[in-house]
Amino acid sequence: MDRTTRYAAAAIVAVAVTGGLALIGSPDGRAVLLLAAVAPTYAVATAVALRHSDAWWASGNLWSGLFAGVTTFGAFALLNGVEPTPNLRVAALGFGLAWAGFAVGIAFERDSD
Numbered sequence: 464m465d466r467t468t469r470y471a472a473a474a475i476v477a478v479a480v481t482g483g484l485a486l487i488g489s490p491d492g493r494a495v496l497l498l499a500a501v502a503p504t505y506a507v508a509t510a511v512a513l514r515h516s517d518a519w520w521a522s523g524n525l526w527s528g529l530f531a532g533v534t535t536f537g538a539f540a541l542l543n544g545v546e547p548t549p550n551l552r553v554a555a556l557g558f559g560l561a562w563a564g565f566a567v568g569i570a571f572e573r574d575s576d
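Residue numbers 464 to 576, in the numbering used here, belong to the letters of the sequence shown in order.
As structure tokens, then:
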């Protein structure tokens, strides 16, 4: 995938996720801060993941299953453990950070050779 298409797709994902999260719940100071963190997190994660998309679809990799399980557990823990009421914005940010870290780790490993 060429760079322009990859960055356009990353921007669309970031806007869709951030916009969707903005529609739920009441806007307050914390929500704005979380949304400001969600947008670039998902943009960078998507751009890097699309750059190395073949790593996401490789079969037989135990680490991809472990990543999915741990990320899901962590996102649900953040969803329920941060406030007295579930906070989807916090869970989405946690998931995005994990996804970004995973994608950047793949890119770092491949580009270091």
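The beta-carbon is built from N, C-alpha and C at its ideal position, and this holds for glycine as well.
Helix or strand or just coil, what does DSSP make of residue i?
{"i": "P490", "result": "coil"}
{"i": "P503", "result": "helix"}
{"i": "T548", "result": "coil"}
{"i": "D465", "result": "coil"}
Look at the alpha carbon of residue i and the alpha carbon of residue j, and state the distance between them as a whole number of angstroms.
{"i": "A566", "j": "A512", "result": "5 angstroms"}
{"i": "I569", "j": "Y470", "result": "18 angstroms"}
{"i": "A538", "j": "W562", "result": "11 angstroms"}
{"i": "D517", "j": "G492", "result": "39 angstroms"}
{"i": "L551", "j": "P503", "result": "17 angstroms"}
{"i": "P547", "j": "T534", "result": "21 angstroms"}
{"i": "G482", "j": "M464", "result": "25 angstroms"}
{"i": "S489", "j": "V480", "result": "16 angstroms"}
{"i": "A485", "j": "A477", "result": "12 angstroms"}
Tell me which residue opens and which closes the alpha helix (DSSP H) that residue i is part of.
{"i": "E572", "result": "551 to 574"}
Considering only their Cβ atoms, is the gap separating residue j from residue i smaller than 7 angstroms?
{"i": "A531", "j": "A473", "result": "no"}
For this session: For the segment 555 to 564 and the segment 497 to 504, state whether three or more C-beta atom pairs, one from each stretch, are separated by less than 8 angstroms.
Result: yes
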